[in-house]
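Per full-length UniProt numbering, numbering through the sequence shown is continuous, rising by one, with the last residue being 345.
Every residue, glycine too, gets a C-beta built ideally from N, C-alpha and C.
Keep in mind it's a predicted model, so treat the numbers as computed, not measured.
Contents: one structure, followed by commentary.
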Amino acid sequence: MDCDFSHSPSEINDFIKLAEQADIVIGSRFIKKDSLKEWNILRWSLTHLGHIATRLLLNMPYDASGAFRLYRLDKISRYFLDNIHSRGYSFFYESLYVLHLNEYRIVEIPIILPARVYGHSKMRIKDAIQSLLQLLKIYFITKLNYGNFVITEPIISENKIIDTQGWDGYWGDNTNNLTLYIYGLVAAFYRKFIIKPSLNHFIFKYFNRESKLLHAGCGGGQVDVDLSENINITALDISTIALNQYKKNNPNVEKLIHGSIFSVPVPDSSFDGIYNLGVMEHFTEDEIMGILKEFHRVLKSNGKIILFWPPEYGLSVQFLKFAHFVLNKILRKKYTLHPDEISRI
């Protein structure tokens with residue numbers, strides 16, 4: 001609540017009473033007709049425009065930017081803040097959106113908000129624009145990778161595996177770097193609308209519901225969303241950040257393993273199939289031979305391997321080469337969009 005008492009402390013008991021049947025209680029400025037009648041026209045307009053935008057883009061029927069709230073911290077996962085990246089006013093609607101998507105119980109109570117009791121509003125036009133841009137970011141991320149907003153307990157691994165290629169950096173949070181953020185959106189679009197349908201075709205062609213598959217180098221698991229609902233998948237990756245994303249995207253995955261594809265910690269002949277996408281080209285020919293031998297060990301005698309391996313003159317390869325050229329040669333930046341791709345076919 002606001003510390004100048006424009007949010008009335010006398011209403012706190014009403015919030016507490018409602019919280020008996022809810023996880024979050026929100027003081028809404030839009031239930032009563034004249035709840036903002038003392039506000040100046042600029043503040044009134046910005047608030048209503050923000051309310052309309054969050055309803056349209058995020059499909060939230062609440063006062064998403066209001067600050068008078070009660071959170072049941074005994075009911076809400078303490079990990080929900082890991083899904084929030086806002087630094088300013090957008091924190092209010094982003095945090096509520098995460099809780100809304102994760103199906104927490106949210107109720108509203110009508111409030112009347114007077115003009116500032118002390119001081120003045122710090123909301124500027126610049127803040128409103130930044131908040132709108134963050135709203136658009138959240139909208140596009142939702143469309144391309146809904147799993148980013150799923151609340152999960154982070155994976156803590158005791159395996160002392162050294163990531164020499166920088167996969168933690170690749171799968172890490174790049175929301176504060178515009179170039180890497182845009183690249184992440186493009187990559188998410190490519191995975192969802194191009195790679196995922198192709199992968200589904202081959203997996204469902206050669207395997208069935210009883211099959212046990214290993215996704216060796218699973219990444220964030222956006223491409224496995226359909227598969228993990230129908231087939232037993234064990235997902236392995238060297239990056240715990242990638243595995244955490246995979247868990248968000250695929251809550252029904254059979255098993256998650258923090259490990260190396262050079263030494264998969266399972267018995268011989270464990271899987272009916274092994275697959276990966278855009279992994280093998282990051283290794284030398286000798287390393288690839290070692291990986292394939294390990295795949296042979298953990299694969300059943302009649303098992304199959306499906307590898308998506310971008311060719312030298314493939315569209316995605318040429319696009320990334322062009323992007324690297326523009327960023328590093330023309331704009332003189334020092335960006336690496338992904339770990340080095342050593343081998344080609």
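Discussion item. Can you find the residues in the same chain that come closer than 7 Å, C-beta to C-beta, to I141, ignoring five residues on each side of it along the sequence?
Written reply: On the sequence shown, residue 141 is found 141 positions in, with the first residue counted as 1. Taken in chain order, the residues that qualify are N148.
Discussion item. Which residue marks the beginning of the beta strand (DSSP E) containing L307, and which one marks its end?
Written reply: Looking up residue 307 in the sequence shown gives position 307. Its beta strand (DSSP E) spans residues L299 to F308.
Worksheet item: Which one of L243, K75, I342 and K33 has the shortest CA to CA distance from G172?
Response: Taking the first residue of the sequence shown as position 1, residue 172 is located at position 172. The shortest Cα separation from G172 among L243, K75, I342 and K33 belongs to L243.
Practice prompt. Tell me, please, which residues DSSP counts as bridged to L256.
Written response: By 1-based counting over the sequence shown, the position of residue 256 is 256. Answer is A235, bridged to L256.
Discussion item. Quick check on K75: does DSSP put it in helix, strand or coil?
Written reply: Residue numbering aside, residue 75 sits at position 75 when the sequence shown is read from its first letter. Three-state result, K75: coil.
Item to complete: Could you tell me if the beta carbon of N176 falls within a distance shorter than 7 Å of some heavy atom in the ligand COA?
Response: The ligand COA is not part of this structure, which contains no ligands at all.
Worksheet item: Are R72 and A115 closer than 8 Å when you measure CB to CB?
Response: Counting from one through the sequence shown, the residue named residue 72 turns up at place 72. Counting from one through the sequence shown, the residue named residue 115 turns up at place 115. No, the Cβ-Cβ distance between R72 and A115 is not below 8 Å.
Worksheet entry | Nearest-angstrom Cβ-Cβ length linking L299 and F271, presumed shorter than 8 Å | Position 299 of the sequence shown, counting from 1, holds the residue named residue 299. Position 271 of the sequence shown, counting from 1, holds the residue named residue 271. Confirmed, Cβ separation roughly 6 Å.
Practice prompt. Please determine, among F283, G221, R55 and G66, the residue with the shortest C-alpha to C-alpha distance to G27.
Written response: The residue you call residue 27 lines up with position 27 of the sequence shown. G66 is the residue among F283, G221, R55 and G66 whose C-alpha sits nearest the C-alpha of G27.
Worksheet entry | Residue environment, I16, which counts as buried when at least 16 other CB atoms sit within 10 Å | As a first step, residue 16 is located in the sequence shown; it is residue number 16 there, counting from the start. In this structure I16 is exposed. Its beta-carbon is surrounded by fewer than 16 other beta-carbon atoms within 10 angstroms.
Worksheet item: So L256 and I155 are in contact, right, with Cβ under 8 Å, and what is the actual spacing, rounded?
Response: Counted from its first residue, the sequence shown places residue 256 at position 256. Counted from its first residue, the sequence shown places residue 155 at position 155. Confirmed, about 7 Å.
Item to complete: Would you kindly work out how many angstroms separate the C-alpha atoms of V98 and F283, rounded to a whole number?
Response: In the sequence shown, counting from the first residue as 1, residue 98 sits at position 98. In the sequence shown, counting from the first residue as 1, residue 283 sits at position 283. Cα-Cα distance, rounded: 38 Å.
Practice prompt. Out of N250, A22 and E281, state which residue places its alpha-carbon closest to the alpha-carbon of N145.
Written response: Taking the sequence shown and counting its residues from 1, one reaches residue 145 at position 145. Ranking the options by Cα distance to N145, first place goes to N250.
Fill in: contact_flag[the stretch 28–43, the stretch 78–96] where n(CB pairs < 8 Å) is 3 or more
No, they do not touch.
Item to complete: Report the option in V264, S95 and F91 whose CA atom is closest to the CA atom of I106.
Response: Here residue 106 is taken as the residue at index 106 of the sequence shown, counted from 1. For I106, the nearest C-alpha among the options comes from S95.
Item to complete: Give me the Cβ distance between H7 and F68, rounded to the nearest whole Å; I'm assuming they're in contact under 8 Å.
Response: Position 7 of the sequence shown, counting from 1, holds the residue named residue 7. Position 68 of the sequence shown, counting from 1, holds the residue named residue 68. Confirmed, Cβ separation roughly 4 Å.
Practice prompt. Please report the Cβ distance between G278 and Y246, rounded to the nearest whole angstrom; I am assuming they are in contact, meaning their Cβ atoms lie under 8 Å.
Written response: Residue mapping note: residue 278 aligns to position 278 of the sequence shown, counting from 1. Residue mapping note: residue 246 aligns to position 246 of the sequence shown, counting from 1. Going by Cβ atoms, the distance from G278 to Y246 rounds to 15 Å, so no, they are not a contact pair.
Fill in: Simplified DSSP assignment, three categories, for K212
The count along the sequence shown starts at 1 and reaches residue 212 at position 212. Strand at K212.
Worksheet entry | The beta strand (DSSP E) enclosing F193, as first and last residue numbers | The count along the sequence shown starts at 1 and reaches residue 193 at position 193. Where F193 is concerned, there is no enclosing beta strand (DSSP E), given that its DSSP letter is neither H nor E.
Discussion item. I need the DSSP call for I203, collapsed to helix, strand or coil.
Written reply: If you number the sequence shown from 1, residue 203 lands on position 203. Helix at I203.
Discussion item. Taking contact to mean 3 or more Cβ pairs, one atom from each stretch, closer than 8 Å, check whether the stretch 209–218 and the stretch 181–192 are in contact.
Written reply: Look at the beta carbons and you see the stretch 209–218 not touching the stretch 181–192: under three pairs across the two are nearer than 8 Å.
Item to complete: Using three-state DSSP, classify P9 as helix, strand or coil.
Response: As a first step, residue 9 is located in the sequence shown; it is residue number 9 there, counting from the start. Here P9 sits in helix by DSSP.
Fill in: Simplified DSSP assignment, three categories, for R344
In the sequence shown, residue 344 corresponds to position 344, counting from 1. Coil at R344, not helix or strand.
Worksheet item: CB S77 to CB I151, shorter than 8 Å?
Response: Position 77 of the sequence shown, counted from the first residue, corresponds to residue 77. Position 151 of the sequence shown, counted from the first residue, corresponds to residue 151. Yes, the pair counts as a contact, with Cβ atoms nearer than the cut-off.
Item to complete: Alpha carbon to alpha carbon, how far is N200 from V266? Give it in angstroms, no decimals.
Response: Along the sequence shown, read from residue 1 onward, the residue named residue 266 stands at position 266. Along the sequence shown, read from residue 1 onward, the residue named residue 200 stands at position 200. Going from the Cα of V266 to the Cα of N200 covers about 25 Å.
Practice prompt. To the nearest angstrom, report how far apart G184 and I342 are at their CA atoms.
Written response: For the purposes of this step, residue 184 is taken as the residue at position 184 of the sequence shown. For the purposes of this step, residue 342 is taken as the residue at position 342 of the sequence shown. Looking at the two C-alpha atoms, the distance is approximately 21 Å.
Practice prompt. Alpha carbon to alpha carbon, how far is H296 from E206? Give it in angstroms, no decimals.
Written response: For the purposes of this step, residue 206 is identified with residue 206 of the sequence shown, where counting begins at 1. For the purposes of this step, residue 296 is identified with residue 296 of the sequence shown, where counting begins at 1. Note on identity: in this sequence residue 206 is Tyr, with Glu being the wrong assignment. Their Cα atoms are separated by approximately 18 Å.
Worksheet item: Mind checking T164: buried by the 16 CB within 10 Å criterion, or exposed?
Response: What you label residue 164 is simply residue 164 of the sequence shown in a count that begins at 1. Flag for T164 reads exposed.
Discussion item. Starting from L277, trace the beta strand (DSSP E) in both directions and tell me its first and last residue.
Written reply: Here residue 277 is taken as the residue at index 277 of the sequence shown, counted from 1. First-last of the beta strand (DSSP E) with L277: F271 to L277.
Worksheet item: Curious, which full-length alpha helix (DSSP H) runs of at least 4 residues does the stretch 120–199 contain?
Response: Fully enclosed alpha helix (DSSP H) runs of no fewer than 4 residues occupy 125–144, 167–171 and 178–190 of the stretch 120–199, in order along the chain.
Fill in: Per-residue DSSP class, three states only, for G290
On the sequence shown, residue 290 is found 290 positions in, with the first residue counted as 1. DSSP places G290 in helix when its eight states are reduced to three.
Discussion item. Please report the straight-line C-alpha distance between V253 and I203, rounded to a whole angstrom.
Written reply: The residue labelled residue 253 in the question sits at position 253 within the sequence shown. The residue labelled residue 203 in the question sits at position 203 within the sequence shown. About 16 Å.
Fill in: Cα-Cα separation between V223 and W44, rounded to whole angstroms
Taking the sequence shown and counting its residues from 1, one reaches residue 223 at position 223. Taking the sequence shown and counting its residues from 1, one reaches residue 44 at position 44. Straight-line Cα distance between these residues: approximately 44 Å.
Discussion item. Between the alpha carbons of I261 and M60, how many angstroms are there, rounded?
Written reply: Reading the sequence shown from its first residue, position 261 is the one you call residue 261. Reading the sequence shown from its first residue, position 60 is the one you call residue 60. Spanning the two alpha carbons is a distance of roughly 42 Å.
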